[in-house]
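Taking it in order: structure first as structure tokens, then the write-up.
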Amino acid sequence: MDSLKVSLINSDSFISEDNNEYIFGELDKQVRIVEPLQFIKFRSLIALLDIPLFNLASRALHLLNWNRTYKYCNKCGSPLMDKDDERAKVCPSCGLIVYPRISPAIITAVVKDNKLLLAHNVNFNKDVYSVIAGFVEPGESFEACVAREVFEEIGIQVKNVKYFGSQPWPFPDSLMVAFTCEYSSGEIKVDGIEISDADWYSVEELPKIPAKGSIARNLIEWFVDNHRSTKQQAT
1 MDSLKVSLIN SDSFISEDNN EYIFGELDKQ VRIVEPLQFI KFRSLIALLD IPLFNLASRA
61 LHLLNWNRTY KYCNKCGSPL MDKDDERAKV CPSCGLIVYP RISPAIITAV VKDNKLLLAH
121 NVNFNKDVYS VIAGFVEPGE SFEACVAREV FEEIGIQVKN VKYFGSQPWP FPDSLMVAFT
181 CEYSSGEIKV DGIEISDADW YSVEELPKIP AKGSIARNLI EWFVDNHRST KQQAT
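Pasting the structure below:
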């Protein structure tokens with residue numbers, strides 16, 4: 001940052017899998033940068049960076065949020081200190097150790113007769129539809145969470161839940177764990193709280209969907225590829 005003549009606040013570093021050290025931090029809100037540099041929204045990076053680089057940026061943002069949020073012991077209220085031998089904070093008064101918070105959430109593609117279940121969440125941009133997602137509850141397996149979230153939000157039962165992949169999602173501290181599954185029974189009945197609309201869509205009928213790079217988009221593309229393969233095999 002010397003070339004920019006600015007200093008970082010809330011800075012930290014980590015060693016990545018490629019054995020390189022990455023330093024990250026925040027700029028003071030008063031800092032003004034000049035072209036060709038520019039600030040962009042972090043979510044926009046998902047369509048601009050390759051997966052390894054986006055994951056590094058996600059890790060940095062996750063840790064920045066954690067450093068900013070967890071400054072005091074939630075047991076006795078004393079200021080926390082960085083732990084020397086691991087990525088954690090420790091309370092010098094009562095010894096409580098605080099690790100970076102990770103909130104696991106499932107995201108799932110539900111398929112029925114070569115159609116994909118897509119829903120509009122009230123927090124989405126207008127006209128955007130995506131697959132079903134939700135946070136894992138204490139004592140719950142990922143597979144059980146898939147079944148519960150689909151039933152709570154859409155009102156249907158699912159079967160054949162299979163692992164698909166995962167993606168760090170630092171907004172602020174999620175880990176998205178993706179699954180595919182099949183429709184089992186029931187009729188669509190949206191909860192009207194998180195979900196305002198949902199329906200089954202064929203490849204030819206897909207509405208506006210999430211941006212490339214997100215695991216939600218990857219699930220939808222999996223459905224498209226799988227459907228095309230099925231049609232090709234049939235012919």
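Numbering follows UniProt numbering, with no gaps: position 171 of the sequence shown is 171.
Glycine included, C-beta positions come from ideal geometry on N, C-alpha and C.
Since we're looking at a predicted model, the values are computed, not measured.
Tell me which same chain residues have a C-beta within less than 6 Å of the C-beta of I220, skipping the five on either side of it?
I209
Since E153 and V190 should fall inside the 8 Å C-beta cutoff, what is the C-beta to C-beta distance between them, to a whole number of angstroms?
7 Å
For the 8 Å Cβ check, are there 3 or more pairs between the region 47-64 and the region 12-27?
yes
If you check the beta carbons only, do I156 and S184 fall under 9 Å apart?
yes
Looking at K212: is its Cβ nearer than 9 Å to the Cβ of I46?
yes
Helix, strand or coil, according to DSSP, for A133 in the structure here?
strand
For W200, which beta-bridge partners are listed by DSSP?
L117
Can you list, in chain order, the stretches of the beta strand (DSSP E) that have 3 or more residues and sit fully within the region 143-214?
157-169, 174-185 and 195-201
For K75, which residues of its own chain have a beta-carbon under 6 Å away from its beta-carbon, when the five flanking residues on both sides are left out?
C94 and L96
Starting from F124, follow the beta strand (DSSP E) in both directions and report where the run begins and ends.
Element bounds for F124: n/a, residue is neither H nor E.
So what does DSSP say about L80, is it helix, strand or coil?
coil
DSSP beta-bridge partners for L8?
L27
To the nearest angstrom, report how far apart H120 and V128 are at their CA atoms.
6 Å
Expressed to the nearest angstrom, what Euclidean distance is found between the alpha-carbon atoms of K83 and R68?
16 Å
Span separating the alpha-carbon of D173 from that of I188:
31 Å
How many angstroms separate the CA atom of Q38 from the CA atom of S11?
20 Å
Sub-9 Å separation of E26 and L8 beta-carbons
yes
Are there 16 or more other CB atoms within 10 angstroms of the CB of L80, so buried, or fewer, so exposed?
buried
V90 to F142 span [Cα, whole Å]
30 Å
Rounded straight-line distance, which links the Cα of I40 to that of R148
36 Å
Let me know if L64 comes out buried or exposed under the rule of 16 or more other beta-carbons within 10 Å of its beta-carbon.
buried
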